[in-house]
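The numbering used here puts the first residue of the sequence shown at 32, with every later residue one more than the last. What follows is a single structure, written as structure tokens, with notes after it.
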Amino acid sequence: VYCERYLYAQSPEMDHFASKGHHPRFSFNPVNIFYACRFCNSPDRKGQDDTILIVNNRYDQCMFSILHPYFDDIDQEIYYQDNYKVLFDWDRCTQPGKDTIVFLSHDDEFMTAVRSRDLIFQRLNPLTTLEENLLIERSIAYNY
Numbered sequence: 032v033y034c035e036r037y038l039y040a041q042s043p044e045m046d047h048f049a050s051k052g053h054h055p056r057f058s059f060n061p062v063n064i065f066y067a068c069r070f071c072n073s074p075d076r077k078g079q080d081d082t083i084l085i086v087n088n089r090y091d092q093c094m095f096s097i098l099h100p101y102f103d104d105i106d107q108e109i110y111y112q113d114n115y116k117v118l119f120d121w122d123r124c125t126q127p128g129k130d131t132i133v134f135l136s137h138d139d140e141f142m143t144a145v146r147s148r149d150l151i152f153q154r155l156n157p158l159t160t161l162e163e164n165l166l167i168e169r170s171i172a173y174n175y
């Protein structure tokens, strides 16, 4: 969910947005668990870093330090220079969007190369038909 890459060719991992080490009480909260690619969930990126600025007993009332995939509209916070989501449009990104990009190191050379490589792979090996892609996009964007 962090880099918005398709996980079909990746090694998806289950990630706890609020880490189990920092916030064990949220470990089994359904909106705290989702798939992330191994790059984003690695110790060099998100890893076990704390994503909660202000803790509340109700998970949905916590204040998060980065954009939450279920509670925030990422497309209204992070913008790109291109339609393929390779290069960030830093000037148009909101502050929470910028904080998320920096937190996850998504603007470094490595992740930019990963996004570029995935774009080439997707063009050479389309995942599915247009209708199936639209269904997948709607499923990914579904909010509780």
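C-beta: ideal position from N, C-alpha, C; glycine also.
Using only CA atoms, which one of Asn87, Leu135, Met45 and Arg36 lies nearest to Ile97?
As a first step, residue 97 must be located in the sequence shown, where it is residue number 66. The shortest Cα separation from Ile97 among Asn87, Leu135, Met45 and Arg36 belongs to Leu135.
Leu165 to Gln92, Cα distance in whole Å?
Locating residue 165 in the sequence shown gives position 134, where the first residue counts as 1. Locating residue 92 in the sequence shown gives position 61, where the first residue counts as 1. Using only the alpha carbons, I get a separation of about 31 Å.
For Leu84, does the three-state DSSP call read helix, strand or coil?
Within the sequence shown, the letter at position 53 stands for residue 84. Strand at Leu84.
Within the continuous beta strand (DSSP E) that includes Asp130, where are the two ends?
Position 99 of the sequence shown, counted from the first residue, corresponds to residue 130. Counting along the chain, Asp130 falls outside any beta strand (DSSP E), though it belongs to the alpha helix (DSSP H) covering Gln126 to Phe134.
Rounded to whole angstroms, what's the CA-CA distance from His99 to Tyr66? Just pull it up for me.
Against the sequence shown, residue 99 aligns to sequence position 68. Against the sequence shown, residue 66 aligns to sequence position 35. Taking the straight line joining both Cα atoms gives about 13 Å.
At what residues does the alpha helix (DSSP H) containing Asp149 begin and finish?
As a first step, residue 149 must be located in the sequence shown, where it is residue number 118. Note, Asp149: alpha helix (DSSP H), Glu140 to Leu155.
Hey, how far is the Cα of Arg36 from the Cα of Arg146?
Here residue 36 refers to the residue found at position 5 when the sequence shown is read from its first residue. Here residue 146 refers to the residue found at position 115 when the sequence shown is read from its first residue. The straight-line gap from Cα to Cα measures roughly 8 Å.
Going by C-alpha distance, which of Asp103, Phe70 and Trp121 is nearest Val62?
Translated into positions along the sequence shown, residue 62 becomes position 31. The shortest C-alpha separation from Val62 is found at Asp103.
Closer than 8 Å by C-beta to Tyr90: which residues in its own chain qualify, once you throw out the five before and the five after it? Chain order, please.
Taking the sequence shown and counting its residues from 1, the one referred to as residue 90 is at position 59. Cβ neighbours of Tyr90 beyond the five flanking positions: Ala49, Phe57, Asn60, Val62 and Asn63.
Indicate whether Cys71 and Lys77 have their beta-carbon atoms separated by less than 8 Å.
If you number the sequence shown from 1, residue 71 lands on position 40. If you number the sequence shown from 1, residue 77 lands on position 46. Contact: yes.
Exposed or buried, Gly128, counting other C-beta atoms within 10 Å across all chains shown (16 or more means buried)?
Residue 128 sits at position 97 when you count from the first residue of the sequence shown. Answer is buried; the Cβ neighbour count reaches 16.
What number of angstroms, rounded off, separates the C-alpha of Asp120 from the C-alpha of Cys34?
Translated into positions along the sequence shown, residue 120 becomes position 89. Translated into positions along the sequence shown, residue 34 becomes position 3. Between Asp120 and Cys34, the C-alpha separation is close to 15 Å.
Determine the direct distance from the alpha carbon of Asp130 to that of Asp138, and round the result to whole angstroms.
Residue 138 sits at position 107 when you count from the first residue of the sequence shown. Residue 130 sits at position 99 when you count from the first residue of the sequence shown. Their backbone Cα atoms lie some 11 Å apart in a straight line.
In angstroms with no decimal places, state the Cα-to-Cα distance between Pro74 and Phe141.
Mapped onto the sequence shown, residue 74 falls at position 43. Mapped onto the sequence shown, residue 141 falls at position 110. About 15 Å.
What does the Cβ neighbour count give for Glu163, buried or exposed, with the cut at 16 atoms within 10 Å?
Stepping through the sequence shown from its first residue, residue 163 is reached at position 132. Its Cβ having fewer than 16 others within 10 Å, Glu163 is exposed.
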